[in-house]
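Enquirer: The opening residue of the sequence shown carries number 1461 in our numbering; numbering runs sequentially from there. Using N, Cα and C, we set each Cβ at its ideal position, and we do this for glycine too.
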Amino acid sequence: PELGETIKDLLIHVDETHLISLGLGVGAILVILLCQRIRPSLPSALIAMVVTAAATAVFRLDQQGVQVLGAIPRSLPPLADLPILDFDLIWKLTPGALAVTAIGLVEAVAIARSIAAQSGQRLDSNQEFVGQGLASIMAGVFSGYPVSGSFMRTTVNYNSGGKTALAGVFSGLWVLIAMFLLAPLAVYLPRAALAGVLLVTAYGMVDRREVKKILRTSFGDSSVMVTTFLATILLPLEFAVLAGVLVSFGRYLIKTSHPGVYAVVPDENFRHFVKQTTEPSCPQLGIMEIEGSLYFGAVHHVEEALRENLEANPDQQFLLLRMHMVDHCDVSGIHMLEAIVKLYRRMGGNVFLEGVRPRVMHMISLYGFDRMLHKENILDFDDTIGHLFHKVLHPGYCVYEGKERVFGECQALPKSDHAANLPPVGEVLRHKTKEINPSELKELMTGEDYRVLVVDVGEPGEFRNWHIAQAVSLPLRNLTKNVDKLPKKIPIVFVSRTGRRSGLAATLAMDLGFDDASNLRGGMLAWQAAGLPIAVE
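Right under this line is the structure:
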């Protein structure tokens, strides 16, 4: 019955209390408490039951209205006639069987964890599931019910000194012996004494210190505990456990569906990344840290955070995702990453992953996302920023357009007082600028029909230190102002120290109508490495 109905019936019938039964129950409680006070190692519950049963037998209390346990069957249960081939019945019973199994397993594991926390033993949940399954199968064969753990029996077992699984084995053997040999004596065991044993056991199961700690430290855990407690009072035990599991699962979903996703920047010493607050960010590269699993419940929050970062920094054509704290990624998470990669690539940028854990990497490889992203975009370097700075980012933007120096690699770059009006870096990536090798340029310059203009877009100081003999100097910052002076009818090859600024210049020239503009691959460094002559002023 419900709690309210139970209290109502108790108040109505309180004057009908059977005093002898009440005395036996209270007496059993006093015997247990006394034994625990004198010597805790004594089997106090067993002593209480023997004393009350003996009193009932001697004084014939069963004939004075005391409810006793009654006769115990003295034979083994019969084998069940299992309807193995009745598939229609099996189909009908399957949903209920699955529900009973789930609740039973949850209840058993909850009991096992409670005892393990007190005993300090390691709990193997998988082995517990196997044991529960085998026990239920054998119970069904012998006309029994599905089995699970019991809070009361487990606690009585533990408080009686049981330490290993053999305690359960011996308990079953003693029950078997009692069934055959002690059945006549068990007839006199008062139910009120059993109730007293259970009350003392239940009281001892409540860890009041732990309850206070939970209420003091964690609102989420407190809500789970209070919900389970109220459900235990108001609902049957199996549904109370299920209610606690559902509340705990809901709390887990709420917590994990909003993982930490935030922008990070290097600290003052350029050694570690810190959460960005008021520090400036790189105009080309956004760095986002993800702390949590990328599963179906979290992908919307993560994607929204990444898109909001891009809206706040529209010039950032590249994104580095730090995934050191991502320990799980399902198909929904991969779909989200694919959407972000496509978003950046439509703008001419790209996405890079850093610190991908082996488990997540395995999922990425199985799905094929590594081929879509390209394996070279999954970074595993000690110096990821250095790799991106030298291989991906464009220093020309830092020199002429960038106002901030975020990374350690940027600190040595000069700052120009003149803007070069460069195209967005995404435009540079979208355009496949024509490139030629140093040997090809040398061949064009020494041919009989020499018609090629070499334009060095380095700074004047760089040009004086080294340049190709026939090259003309036109710094990148002045290109847009003097582009009308360049001829459009002959090929133009742009040159810089490494070939990156000249790549920008070639892209800009193509946008301005110079269809035969190209870039010297590798720049002056490649020219020098090829052993070709260098002029110095």
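Measuring CB atoms only, is the segment 1687 to 1695 touching the segment 1714 to 1725, in the sense that at least three cross pairs come out at less than 8 Å?
Expert: no
Enquirer: Pair every Cβ in the segment 1966 to 1980 with every Cβ in the segment 1935 to 1948, then say whether three or more of these pairs are closer than 8 Å.
Expert: yes
Enquirer: Along the chain, where does the beta strand (DSSP E) that runs through Asp1916 open and close?
Expert: Numbered from 1 along the sequence shown, position 456 holds the residue referred to as residue 1916. 1913 to 1916 is the span of the beta strand (DSSP E), which, as asked, contains Asp1916.
Enquirer: Does the segment 1747 to 1755 come within contact of the segment 1723 to 1738, defined as at least 3 CB pairs closer than 8 Å?
Expert: yes
Enquirer: Please state the DSSP three-state secondary structure of Met1748.
Expert: Stepping through the sequence shown from its first residue, residue 1748 is reached at position 288. Correct three-state label for Met1748: strand.
Enquirer: Beta carbon of Phe1812, beta carbon of Phe1867: below 9 Å?
Expert: For the purposes of this step, residue 1812 is identified with residue 352 of the sequence shown, where counting begins at 1. For the purposes of this step, residue 1867 is identified with residue 407 of the sequence shown, where counting begins at 1. Result no, Cβ atoms of Phe1812 and Phe1867 do not sit closer than 9 Å.
Enquirer: To the nearest angstrom, how far is the alpha carbon of Ile1507 from that of Val1528?
Expert: The residue you call residue 1507 lines up with position 47 of the sequence shown. The residue you call residue 1528 lines up with position 68 of the sequence shown. Going by the C-alpha atoms only, they are around 17 Å apart.
Enquirer: Give me the residue from Gln1587, Val1647, Leu1904 with the minimum Cα distance to Val1569.
Expert: Mapped onto the sequence shown, residue 1569 falls at position 109. When only C-alpha atoms are compared, the closest one is Gln1587.
Enquirer: The ligand GDP and Val1762: does any heavy atom of the ligand fall closer than 8 Å to the residue's C-beta?
Expert: The ligand GDP is not among the ligands present in this structure, which contains no ligands whatsoever.
Enquirer: Are the segment 1720 to 1727 and the segment 1696 to 1705 touching by the rule of at least three beta carbon pairs closer than 8 Å?
Expert: no
Enquirer: Helix, strand or coil for Val1607 per DSSP?
Expert: Numbered from 1 along the sequence shown, position 147 holds the residue referred to as residue 1607. Val1607: coil per DSSP, three-state reduction.
Enquirer: Let me know the secondary structure DSSP gives Ala1576 once reduced to three states.
Expert: By one-based count along the sequence shown, residue 1576 stands at place 116. Annotated three-state conformation of Ala1576 is helix, per DSSP.
Enquirer: Where Thr1687 and Arg1831 are concerned, what is the direct C-alpha to C-alpha distance, given to the nearest angstrom?
Expert: On the sequence shown, position 227 is the one that residue 1687 refers to. On the sequence shown, position 371 is the one that residue 1831 refers to. Cα to Cα, Thr1687 sits roughly 48 Å from Arg1831.
Enquirer: Identify every run of the alpha helix (DSSP H) within the segment 1604 to 1671, keeping only runs that are complete inside it and at least 4 residues long; order them along the chain.
Expert: 1611 to 1619, 1626 to 1641, 1643 to 1646, 1651 to 1665
Enquirer: Under a three-way DSSP split, which group does Leu1558 fall into?
Expert: If you number the sequence shown from 1, residue 1558 lands on position 98. Leu1558: helix per DSSP, three-state reduction.
Enquirer: Helix or strand or just coil, what does DSSP make of Lys1894?
Expert: Position 434 of the sequence shown, counting from 1, holds the residue named residue 1894. Of the three classes helix, strand and coil, the one that applies to Lys1894 here is strand, per DSSP.
Enquirer: Measuring alpha carbon to alpha carbon, tell me which of Ile1498, Arg1961, Leu1848, Val1526 ends up nearest Arg1981.
Expert: Residue 1981 sits at position 521 when you count from the first residue of the sequence shown. The candidate whose alpha carbon is nearest that of Arg1981 is Arg1961.
Enquirer: With distances taken from CA atoms, which of Ile1800, His1834, Tyr1663, Glu1864 is nearest Ser1741?
Expert: As a position in the sequence shown, residue 1741 is number 281, starting the count at 1. Per the Cα distances, Glu1864.
Enquirer: By how many angstroms is the C-alpha of Val1657 removed from the C-alpha of Gln1524?
Expert: As a working mapping, residue 1524 is identified with position 64 in the sequence shown. As a working mapping, residue 1657 is identified with position 197 in the sequence shown. In this model, Gln1524 and Val1657 are separated by some 22 Å (Cα to Cα).
Enquirer: What's the gap between the Cα of Gly1483 and the Cα of His1473?
Expert: If you number the sequence shown from 1, residue 1483 lands on position 23. If you number the sequence shown from 1, residue 1473 lands on position 13. Straight-line Cα distance between these residues: approximately 17 Å.
Enquirer: Which word fits Ser1938, buried or exposed, when buried means at least 16 other C-beta atoms lie within 10 angstroms of its C-beta?
Expert: The sequence position of residue 1938 within the sequence shown is 478, counting from 1. With the sequence shown as reference, residue 1938 is identified as Asn, and Ser is not the correct amino acid for it. Exposed, because fewer than 16 other Cβ atoms sit within 10 Å of the Cβ of Asn1938.
Enquirer: Would you identify the three-state DSSP class for Glu1814, choosing helix, strand or coil?
Expert: Along the sequence shown, read from residue 1 onward, the residue named residue 1814 stands at position 354. If DSSP states are grouped into helix, strand and coil, Glu1814 belongs with the strands.
Enquirer: Buried or exposed, going by whether 16 or more other CB atoms sit within 10 Å of the CB of Asp1916?
Expert: For the purposes of this step, residue 1916 is taken as residue 456 along the sequence shown, with counting starting at 1. With 16 or more Cβ atoms within 10 Å of its Cβ, Asp1916 is classed as buried.
Enquirer: Beta-carbon within less than 6 Å of Phe1849's beta-carbon, same chain only, minus the 5 sequence neighbours each way: which residues are those?
Expert: Taking the sequence shown and counting its residues from 1, one reaches residue 1849 at position 389. Excluding residues within five positions, the ones whose Cβ falls inside 6 Å are Glu1869.
Enquirer: Ser1978 lies in the alpha helix (DSSP H); which residues open and close that run?
Expert: By one-based count along the sequence shown, residue 1978 stands at place 518. Taken as a continuous stretch (DSSP letters only), Ser1978 belongs to no alpha helix (DSSP H), being part of the beta strand (DSSP E) at 1977 to 1980.
Enquirer: Would you identify the three-state DSSP class for Gly1902, choosing helix, strand or coil?
Expert: Within the sequence shown, residue 1902 is the residue found at index 442, counting from 1. Note that residue 1902 corresponds to Lys in the displayed sequence, not to Gly. Helix.
Enquirer: Just the C-alpha distance for Thr1615 and Glu1771, rounded to the nearest angstrom, thanks.
Expert: Here residue 1615 refers to the residue found at position 155 when the sequence shown is read from its first residue. Here residue 1771 refers to the residue found at position 311 when the sequence shown is read from its first residue. Roughly 59 Å separates the two Cα atoms.
Enquirer: In chain order, what residues of the same chain have a beta carbon less than 6 Å from the beta carbon of Val1660, not counting five sequence neighbours either side?
Expert: Along the sequence shown, read from residue 1 onward, the residue named residue 1660 stands at position 200. Ile1489, Ile1492, listed in sequence order.
Enquirer: Say whether the segment 1666 to 1676 touches the segment 1545 to 1555, bearing in mind that this needs 3 or more beta-carbon pairs closer than 8 Å, one atom from each stretch.
Expert: Contact between the segment 1666 to 1676 and the segment 1545 to 1555 is absent, because fewer than three Cβ pairs lie under 8 Å.
Enquirer: Does the beta-carbon of Ala1966 have 16 or more other beta-carbons within 10 angstroms, so that it is buried, or is it exposed?
Expert: One-based indexing of the sequence shown puts residue 1966 at position 506. By the C-beta density criterion, Ala1966 is buried, having at least 16 other C-beta atoms within 10 angstroms.
Enquirer: Measure how close the beta-carbons of Leu1745 and Leu1853 come, nearest whole angstrom, since I'm counting them as under 8 Å.
Expert: What you label residue 1745 is simply residue 285 of the sequence shown in a count that begins at 1. What you label residue 1853 is simply residue 393 of the sequence shown in a count that begins at 1. So it is a contact: roughly 6 Å between Cβ atoms.
Enquirer: For Val1707, I'd like the list of residues in its chain whose CB is within less than 8 Å of its CB, leaving aside the five on either flank, ordered along the chain.
Expert: Locating residue 1707 in the sequence shown gives position 247, counting from the first residue. Closer than 8 Å at Cβ, skipping near neighbours: Ser1683, Val1684, Thr1687, Thr1688.
Enquirer: If you reduce the DSSP assignment to three classes, tell me which class Val1724 lands in.
Expert: Mapped onto the sequence shown, residue 1724 falls at position 264. Residue state, collapsed to three classes: strand.
Enquirer: Just grab the DSSP bridge partners of Leu1936 for me.
Expert: Numbered from 1 along the sequence shown, position 476 holds the residue referred to as residue 1936. In the DSSP output, where bridge partners are listed per residue, Leu1936 has none listed.
Enquirer: Assess, as a yes-or-no matter, whether the segment 1751 to 1760 is touched by the segment 1786 to 1797 under the definition of 3 or more beta carbon pairs within less than 8 Å.
Expert: yes
Enquirer: Rounded to whole angstroms, how far is the Cβ of Val1914 from the Cβ of Ile1928, which I believe are closer than 8 Å?
Expert: As a working mapping, residue 1914 is identified with position 454 in the sequence shown. As a working mapping, residue 1928 is identified with position 468 in the sequence shown. Confirmed, about 5 Å.
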